[in-house]
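Shown next, in structure tokens, is the structure this report addresses.
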Amino acid sequence: MDLSRIDRRYIYLVIAIAIAVPLLLKVQLPVSVGPEVQKVYDEIDSLQSRDCVMISFDFEASSVAEIKPVAEAVIRHAFEKNLRIVGLALFSEGTAIGYNIISSLAEEYGKKYGEDYIYLGFRPQYVSAILGMGENIDQVYPLDYLNDDWKDFPPFSDVENYHDISLVVSIADGSLPTYWVEYAGSRYGQKIAAGITAVMATSYYPYTASGQLVGIIGGLKGAAEYENLLGYTGGGHRGMLAQSSGHLAIIALVILANVAALRKKR
Amino acid sequence: MLSKKIPIAVCFLFGLFGLVQYFSPHPAAVSAYSTVLDWVQIIFAFTLLVGVVSLLQIQLKHVSRKEKYWGYSIVTIVGILVMAVFGFAGGTERGTAFMWVFDNMQVPMQSTVFAMLAFFVATAAYRGFRLRNVEAGILLAAAIIIMLGRIPIGEMISARIPETAEWILNVPSMSAKRAVLIGIGLGSITTALRVILGIERSYLGRN
Amino acid sequence: MTELGTLIALILTLMVFSFLYKENPIYRFAEYLLVGISVGYYLVIICRNTIYPLVIEKLFIHGEYLVIVPVCLGLLMFARLNKRWAYLSRLPLSLMIGFGAGISIPAMLQARILKQMSASMQSLATINGIIILIGIISTITYFYFSKRQEGMFGKVTRLGTYFLMVFFGATFGYTVMSRISLLIGRFEFILRDALRVIS
Amino acid sequence: MANVALCSDPLSFSVYDTPSDGGGSVTISWQAPVESKSIPIGSFVIFRKMNEEVSWSYLASVKAENGLLEDRTAVDGVNYTYKIVSYASDGASEWVCPYQVASKAQWFDSDRLPVLVGVLVCLLALAGVALLHKKGKPFDIRPIRGLEAVDEAVGRATEMGKPVLFTPGWGGDIQRPTTIAALNILGHVASKTASYRCDLIFPTHDPVIMAAAEEVIHEAYIEAGEADRYKAENVFYTTSSQLGYAAAVDGVITRYKPAAIFLLGTFEGEALILAETGNSIGAMQVAGTDSTIQLSFFMVACDYTLIGEELFAASGYLTGDAKILSSVRAQDFMKILIVVVLLAGAILVTFGMVDFAGWIGKS
Chain U
914 MDLSRIDRRY IYLVIAIAIA VPLLLKVQLP VSVGPEVQKV YDEIDSLQSR
964 DCVMISFDFE ASSVAEIKPV AEAVIRHAFE KNLRIVGLAL FSEGTAIGYN
1014 IISSLAEEYG KKYGEDYIYL GFRPQYVSAI LGMGENIDQV YPLDYLNDDW
1064 KDFPPFSDVE NYHDISLVVS IADGSLPTYW VEYAGSRYGQ KIAAGITAVM
1114 ATSYYPYTAS GQLVGIIGGL KGAAEYENLL GYTGGGHRGM LAQSSGHLAI
1164 IALVILANVA ALRKKR
Chain A
91 MLSKKIPIAV CFLFGLFGLV QYFSPHPAAV SAYSTVLDWV QIIFAFTLLV
141 GVVSLLQIQL KHVSRKEKYW GYSIVTIVGI LVMAVFGFAG GTERGTAFMW
191 VFDNMQVPMQ STVFAMLAFF VATAAYRGFR LRNVEAGILL AAAIIIMLGR
241 IPIGEMISAR IPETAEWILN VPSMSAKRAV LIGIGLGSIT TALRVILGIE
291 RSYLGRN
Chain L
40 MTELGTLIAL ILTLMVFSFL YKENPIYRFA EYLLVGISVG YYLVIICRNT
90 IYPLVIEKLF IHGEYLVIVP VCLGLLMFAR LNKRWAYLSR LPLSLMIGFG
140 AGISIPAMLQ ARILKQMSAS MQSLATINGI IILIGIISTI TYFYFSKRQE
190 GMFGKVTRLG TYFLMVFFGA TFGYTVMSRI SLLIGRFEFI LRDALRVIS
Chain Y
439 MANVALCSDP LSFSVYDTPS DGGGSVTISW QAPVESKSIP IGSFVIFRKM
489 NEEVSWSYLA SVKAENGLLE DRTAVDGVNY TYKIVSYASD GASEWVCPYQ
539 VASKAQWFDS DRLPVLVGVL VCLLALAGVA LLHKKGKPFD IRPIRGLEAV
589 DEAVGRATEM GKPVLFTPGW GGDIQRPTTI AALNILGHVA SKTASYRCDL
639 IFPTHDPVIM AAAEEVIHEA YIEAGEADRY KAENVFYTTS SQLGYAAAVD
689 GVITRYKPAA IFLLGTFEGE ALILAETGNS IGAMQVAGTD STIQLSFFMV
739 ACDYTLIGEE LFAASGYLTG DAKILSSVRA QDFMKILIVV VLLAGAILVT
789 FGMVDFAGWI GKS
């Protein structure tokens, strides 16, 4: 059999086994906290009670497996610190998911809509929306997700623009944090942190290095690290083993392919 | 006139305004700017409606002409109509039929399409990471170090692996990335300038 | 309802996965269904969240008549559906393209060029500072089009391609993790939520 | 009084219209005297009054250390006087600003000067190169790997009697210059498919891009004298959903088995889904994108990849348009400038002068 040109379906099978089997086993791997996650944690931890954070759900439904533990960790932290949360979504599919995550955690923490958090919903054309909120959030979002005039909630009536937002956390699976940095950050001096899929993390290193982003929570591992800091075991910890065996399977496949190609040459 | 000159003039005026307003904090500039931002959102919304109508037209054509796969076109048409009826009649809040379909049909299908990437990454790596020359060797080495460095097992093998991975990401990889970004920036800016100046107007057709 | 939802989600998940074996009618059904549902979803969201607040409400409740301008421009887009009048849609098209080009210039200059340059200006007293400068300059050289990559110049551009390869390899390696996370998410759904094999 | 020293040592206190803003703001800045460290002062309280008013109104209380406060309640054109009062356990001392200040809006944000300089340099470079070109100086431009592949791929599809597929990715919209560059290349591909009489399929996620692509392709077919071979239904909107789009394009690829696939534009997660599916049916693939992450996938999975700026340059090469080519030249000129500035900046930073690097990254 010529292993260097193997039917791709065998490779699929190897990956499926490498990921399914560890999930069926119950083993947990230790996780150590990296500097990027620590920076986000420290930033949120340094905020005063009742400060306002904006959490933007900038992802597609398909990334929910990876991004939900990240969002949950950040929102838990914010609720524990008694911060006010303004939720919104710049990707339409993030809209409902974001609302579900925030409202179910709010229930758990006994937080009230209009009191501790509001959810503004979705606006298309993210560049316009991000820029618009720098002038006036009310202008971009006259009504919230539930079609109420959110300015009528006293705890949020003083929120006018980025001046009143201590930190924006963009929970994203794509390039949205770039837009937050390019428009809200550079134009309005807004502090921004990103909770992103691991794949996106590399592209944001320049932004943390240059200080344009406060920090990054990258993927399941980032979520697991954040969970460590908050002292609980959530979605991030699960699946770290499957993650590892998946990586090892791919490395093994690459080695196999090279050995096969080498043998064929001879 | 209407097919060519006016669009070019509009493109120039709004392009120039988009560029110039960046430099002005004056309320007049800011308010004009947010007005135009709203306009763009509104035009986009209407364009999306046009997209939906044209999609429906094409699918209906498939069905009426009984073209290949016309049965599947019915599935698409029904999908659109069902979501529209649910969404407009029943609302989009939690617990509505609209959200039920979204949560139990759209989300799982999309997540599955995305999850197929795990398999595709493996086949691409299997095929693409061959030690053919120096470049391919560097590509392969960087990928493997990072892959090991991002999982706890890498740390167990040697503490140097995550350190090296971090260094690669922050130093050599980052410097190349910056250069790529700068190049893209230059390409984008000159393209945008050509658009504003009306040199680049393929989107208008050429006649 | 939840039970039924999970069952449907499981079936659709497996239908999509069947594509990995080969393209087949089951996958095709899921594909067309996904297109239909997602288009319907966007249609509803855009009407309720953009057209209602930005057009209907502004026009009829706040009496902001200026909104008529973009509405007319938006309606011109419908001219596309008719070959004879299609050219009318060039007007809103050119507005969007022109304005987009205009705002992208300062944004690109600032975030893609100036910020990156500023961040790359690091002290040359450290090894990393020197490597970063060499990396960025040699890679920029690779993108220099006005000179053929020969001789001394060719050696510099070659160094640039090595840096590029490190970047591509690193990005690929980093990305694998999130791709696997996505599959873990799906498998967890199948094994835990749907089949209840694991808790 | 215990705080005589404080009074006699007036804190340096200045009030001015906040620069580079939209008005409605006055900045008050002060440097607390050194003595304040040894004297127990609770806090500084800042008051304001309008020109004719007698009574002071409270503005804010701040920590008794060096600081800066923006009075964002100022009304443009009204003259205000400010004072700072320091309350200590044994009395208060106050400093009144001797002059009046009115806020106003500025037309230019001076923080953005580096960007303005950048824009001007770009314009000058473009104009300069265009002028050189008029004088008839020819351009010698290095070949780009993978560019010849564009024609080869279309030719291959024609020979095999299979269609060509071109899609600009899910990540961009029409406002992104990358999309414009991709549409330029589309124009070239379309004129090839028109003259070779080969089908061109163009699925997209964005109805605006669809509209622009229709113009581009239709035009190319008219120019090639093949207007009646243009199939409007081959340029279509799939769905705005990222993975819905990916699933649909995957379906098209596996059902119509194009012999050549062009993935040019801004891609995100869908990049590898499309590239691997294309590879599985044996299509020849030419990719190019400005998304740095997806570049790595394209490099591994596709036959040819245009890296970042090469995509922009390619649109000039293929169309052979002198104006686009001359802007490639202008970009090269700016690269030299960037390298020089980078070197200078790094040297300055090495010697501890970080102001220049900071200024460039400002705004």
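Residue numbers (the numbering used here), protein chains in the order written: chain U, 914 to 1179; chain A, 91 to 297; chain L, 40 to 238; chain Y, 439 to 801. Yeah, the Cβ is synthetic: ideal placement off N, Cα and C, and Gly gets one too.
Given residue i as reference, the closest of the options once Cα atoms are compared
{"i": "residue 185 (chain L)", "options": "Y:540, Y:672 and Y:751", "result": "Y:751"}
{"i": "residue 698 (chain Y)", "options": "Y:778, Y:587 and Y:516", "result": "Y:587"}
{"i": "residue 514 (chain Y)", "options": "Y:544, Y:497 and Y:689", "result": "Y:544"}
{"i": "residue 1040 (chain U)", "options": "A:97, A:128 and A:143", "result": "A:128"}
{"i": "residue 1022 (chain U)", "options": "U:1033, U:1002 and U:990", "result": "U:990"}
{"i": "residue 1016 (chain U)", "options": "U:1036, U:988, U:993 and U:1005", "result": "U:988"}
{"i": "residue 176 (chain A)", "options": "L:190, L:77, L:182 and L:232", "result": "L:77"}
{"i": "residue 158 (chain A)", "options": "L:67, L:181 and L:51", "result": "L:67"}
{"i": "residue 275 (chain A)", "options": "L:229, L:47 and L:146", "result": "L:146"}
{"i": "residue 72 (chain L)", "options": "A:285, A:170 and A:255", "result": "A:170"}
{"i": "residue 107 (chain A)", "options": "L:136, L:151 and L:80", "result": "L:136"}
{"i": "residue 115 (chain A)", "options": "Y:755, Y:538, Y:466 and Y:542", "result": "Y:542"}
{"i": "residue 240 (chain A)", "options": "U:1125, U:924, U:980 and U:1158", "result": "U:1158"}
{"i": "residue 284 (chain A)", "options": "Y:733, Y:764 and Y:714", "result": "Y:764"}
Rounded straight-line distance, which links the Cα of residue j to that of residue i
{"i": "residue 185 (chain A)", "j": "residue 1061 (chain U)", "result": "18 Å"}
{"i": "residue 626 (chain Y)", "j": "residue 664 (chain Y)", "result": "15 Å"}
{"i": "residue 1024 (chain U)", "j": "residue 999 (chain U)", "result": "13 Å"}
{"i": "residue 957 (chain U)", "j": "residue 235 (chain A)", "result": "32 Å"}
{"i": "residue 249 (chain A)", "j": "residue 1131 (chain U)", "result": "20 Å"}
{"i": "residue 791 (chain Y)", "j": "residue 785 (chain Y)", "result": "9 Å"}
{"i": "residue 546 (chain Y)", "j": "residue 498 (chain Y)", "result": "29 Å"}
{"i": "residue 203 (chain A)", "j": "residue 692 (chain Y)", "result": "15 Å"}
{"i": "residue 424 (chain Y)", "j": "residue 505 (chain Y)", "result": "The structure shown does not extend to residue 424 (chain Y), since chain Y is modelled only from 439 to 801, so the question has no answer here."}
{"i": "residue 936 (chain U)", "j": "residue 943 (chain U)", "result": "16 Å"}
{"i": "residue 651 (chain Y)", "j": "residue 234 (chain L)", "result": "46 Å"}
{"i": "residue 689 (chain Y)", "j": "residue 1008 (chain U)", "result": "28 Å"}
{"i": "residue 1067 (chain U)", "j": "residue 1028 (chain U)", "result": "8 Å"}
{"i": "residue 182 (chain A)", "j": "residue 197 (chain A)", "result": "15 Å"}
{"i": "residue 951 (chain U)", "j": "residue 278 (chain A)", "result": "35 Å"}
{"i": "residue 288 (chain A)", "j": "residue 758 (chain Y)", "result": "17 Å"}
{"i": "residue 946 (chain U)", "j": "residue 193 (chain A)", "result": "33 Å"}
{"i": "residue 617 (chain Y)", "j": "residue 607 (chain Y)", "result": "9 Å"}
{"i": "residue 574 (chain Y)", "j": "residue 187 (chain L)", "result": "21 Å"}
{"i": "residue 594 (chain Y)", "j": "residue 267 (chain A)", "result": "34 Å"}
Same chain, Cβ closer than 7 Å to residue i, neighbours up to 5 away in sequence not counted
{"i": "residue 475 (chain Y)", "result": "Note on residue 475 (chain Y): pLDDT 48, under 50, position unreliable in the model; the coordinate value appears next. If we look at residue 475 (chain Y) and ignore the five residues flanking it on each side, it has no Cβ neighbours."}
{"i": "residue 535 (chain Y)", "result": "451, 453, 519, 520 and 521"}
{"i": "residue 695 (chain Y)", "result": "600 and 719"}
{"i": "residue 1140 (chain U)", "result": "986, 1146, 1147, 1149 and 1150"}
{"i": "residue 800 (chain Y)", "result": "549 and 552"}
{"i": "residue 739 (chain Y)", "result": "710, 713, 714 and 717"}
Beta-carbon separation (whole angstroms), residue i vs residue j, contact threshold 8 Å
{"i": "residue 1074 (chain U)", "j": "residue 1046 (chain U)", "result": "6 Å"}
{"i": "residue 163 (chain L)", "j": "residue 169 (chain L)", "result": "5 Å"}
{"i": "residue 455 (chain Y)", "j": "residue 540 (chain Y)", "result": "7 Å"}
{"i": "residue 214 (chain L)", "j": "residue 731 (chain Y)", "result": "6 Å"}
Neighbour flag for residue i against chain D, beta carbons, 9 Å
{"i": "residue 114 (chain L)", "result": "Checking the listed chains, one finds no chain D in this structure; the protein chains it contains are U, A, L and Y."}
Same chain only: Cβ atoms within 6 Å of residue i, ignoring 5 sequence neighbours per side
{"i": "residue 128 (chain L)", "result": "115, 116, 118 and 119"}
{"i": "residue 119 (chain A)", "result": "111"}
{"i": "residue 964 (chain U)", "result": "996 and 1079"}
Enumerate, from N- to C-terminal direction, the unbroken alpha helix (DSSP H) stretches of 4 or more residues contained entirely within the stretch 582-608 of chain Y. Complete alpha helix (DSSP H) runs here, min 4: 586-598.
Could you name each continuous beta strand (DSSP E) segment of 3 residues or more that falls completely within the stretch 134-198 of chain L, going from the start of the chain to the end? Counting whole runs of 3 or more residues, the stretch 134-198 of chain L contains no beta strand (DSSP E) stretch at all.
If you scan the stretch 170-223 of chain A from start to end, which runs of the beta strand (DSSP E) of 3 or more residues do you find wholly inside it? Taking only runs of at least 3 residues, no beta strand (DSSP E) segment lies wholly in the stretch 170-223 of chain A.
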